[in-house]
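Heads up, the thing below is written out as structure tokens.
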Amino acid sequence: MKKAVFVFALALAAAPAVRAQQGPGVGSSTDYAASDGTESRNTGFGIKGGYNLASIQGAGADLFTNRDNLKDFHAGVYGQFGFNNFASLMVELLYSRKGYRTDYLGTATRDTRLDYLELPILFVGNLTETLSIHVGPQVSLLTNVRDGDATVSLSDRGYNSLDYGAIAGAEARLGFAKLGARFDWSLGKIYKDGTVLQYNSKSGATVADNNIRNQVFQVYLGLGFKH
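Under the working numbering, the first residue of the sequence shown is numbered 74, with each subsequent residue one higher.
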């Protein structure tokens, strides 16, 4: 994760220099629509997709042995409406794969993959012509769970179908293309209260501490269009 953050930081630092070399007239972070019923050029829609580095957090997560990140992807669409040349509201609809990797009963590595439909609602603020930050809430609907090679029942395993959390990130944009990174913190628990889980330990012990939440670092590429 540290390497991914470092690479993105370099990309953000280089974006203003790239724009300066290309000269005037190059698209910037405010170039979706110059005049389409709004004073802001931060209005439009687009597609996006990228890399997920997913993990779990919380007291219950600490009981898993040899816990590791799950590497997967997210993809979807977004719409953005600008209030002025600084502030805008961005709404996204994403398919996102989260989860974790652990030892299974001390004998083998096992992936648990959680597939969500997500609705982030984000405030976007432009720091420069090419760099912006975004922050806001997100609600998620769990649609599918893969435990190893098997698809499992959400209700039988005690999964919460609804999740919610917060997002914070930054992105660099040149014209209609944008490169961004963000952190996604879940505030809701993955499992329902009272669900007894078999933790991936050598003893196979069961515990009922379900304070386990999703956490994801994302890097993405987007392509925007004016409305």
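For every residue, glycine included, the Cβ atom is placed at its ideal position computed from N, Cα and C.
Closest by C-alpha distance to residue i, when choosing among the options
i: Ala-148; options: Ala-160, Gly-123, Gln-130, Ala-127; result: Gly-123
i: Gly-238; options: Lys-144, Arg-219, Val-208; result: Val-208
i: Val-289; options: Ser-128, Asn-115, Lys-121; result: Ser-128
i: Asn-142; options: Asp-229, Leu-227, Lys-171, Ser-259; result: Lys-171
i: Lys-144; options: Asp-184, Ala-223, Gln-130; result: Asp-184
Proximity of residue i and residue j at Cβ, strictly below 9 Å
i: Asn-139; j: Thr-175; result: yes
i: Leu-235; j: Gly-267; result: no
i: Asn-158; j: Asn-199; result: yes
i: Leu-195; j: Leu-214; result: no
i: Tyr-293; j: Gly-231; result: no
i: Tyr-168; j: Asp-188; result: yes
i: Lys-251; j: Lys-121; result: yes
Rounded Cβ spacing between residue i and residue j (contact assumed at less than 8 Å)
i: Leu-270; j: Gly-119; result: Contact doesn't hold; Cβ gap of about 39 Å is too wide.
i: Arg-246; j: Thr-203; result: 6 Å
Residue i to residue j span [Cα, whole Å]
i: Ala-132; j: Asn-283; result: 8 Å
i: Ile-240; j: Pro-193; result: 8 Å
i: Phe-137; j: Ile-263; result: 15 Å
i: Ser-161; j: Thr-201; result: 14 Å
i: Ala-134; j: Lys-299; result: 43 Å
i: Val-225; j: Val-212; result: 22 Å
i: Pro-210; j: Glu-244; result: 17 Å
i: Leu-166; j: Asn-125; result: 16 Å
i: Gly-110; j: Gly-248; result: Note that Gly-110 scores 46 on pLDDT, short of 50, meaning its location in the model is unreliable and no value can be drawn from it.
i: Met-163; j: Val-197; result: 7 Å
i: Asn-287; j: Tyr-151; result: 22 Å
i: Thr-182; j: Gly-155; result: 46 Å
i: Ser-228; j: Arg-219; result: 14 Å
i: Gln-291; j: Asp-257; result: 8 Å
i: Ala-223; j: Asn-115; result: 44 Å
i: Ser-205; j: Gly-117; result: 16 Å
Enclosing beta strand (DSSP E) for residue i [first to last residue]
i: Asn-302; result: Past the boundaries of the shown model lies residue 302; the chain is included only from 74 to 300, so the question cannot be answered.
i: Arg-184; result: Note that residue 184 corresponds to Asp in the displayed sequence, not to Arg. Looking at the DSSP string, the run of the beta strand (DSSP E) that includes Asp-184 is 181-199.
i: Val-150; result: 143-155
i: Ser-259; result: 250-259
i: Ile-120; result: 117-130
i: Ile-240; result: 235-247
Chain C within 9 Å of residue i, Cβ atoms only
i: Tyr-124; result: Here there is only one protein chain, and chain C is not present.
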